[in-house]
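Residue numbers (UniProt numbering): 1 to 41. Every residue, glycine too, gets a C-beta built ideally from N, C-alpha and C. The structure displayed is predicted, hence computed values, not measured ones. Just below is one structure, and these are the notes that go with it.
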């Protein structure tokens, strides 16, 4: 996932920190929004 973030021009550390913070309250049917190619901070 880290390499995927890099390939998509996303800072891996920022993406991972944000994703882990959002994960507990995020709806399972919208999990695709947390993937590196869809992620917006």
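In whole angstroms, give me the CA-to-CA distance for residue 12 and residue 34. 12 Å
Could you have a look at residue 8 and say whether DSSP puts it in helix, strand or coil? coil
Reducing DSSP to helix, strand and coil, say where residue 39 ends up. coil
If you drop the 5 nearest sequence neighbours on each side, which residues of the same chain put their C-beta closer than 6 Å to that of residue 4? 36
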